[in-house]
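See structure below.
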């Protein structure tokens, strides 16, 4: 495995990070506080949110 990203991979990574920041900023302060209390850091809280969305059943 390499530690380098090509242009396409870097673009996807940056786009994902931007979306995660947007998600966090849309949360109410109360929801942010609850997630921080549960997961310890903003990064862990966002990872949990993203994972939950990835494994959630598709809505009809």
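Numbering (this note's numbering), first residue to last: 9 to 68.
For every residue, glycine included, the Cβ atom is placed at its ideal position computed from N, Cα and C.
In the assembly as shown, residue 53 is a buried residue. Its beta-carbon has 16 or more other beta-carbons within 10 Å.
For residue 23, the secondary structure class from DSSP, reduced to helix, strand or coil, is helix. Under the 10 Å beta carbon count, residue 43 is surrounded by 16 or more other beta carbons and is classified as buried.
Taking each of 13, 25, 50 and 27 in turn and checking the Cα distance to residue 37, the smallest one comes out for 50. In terms of Cβ geometry, residue 57 and residue 31 form a close pair [threshold 8 angstroms].
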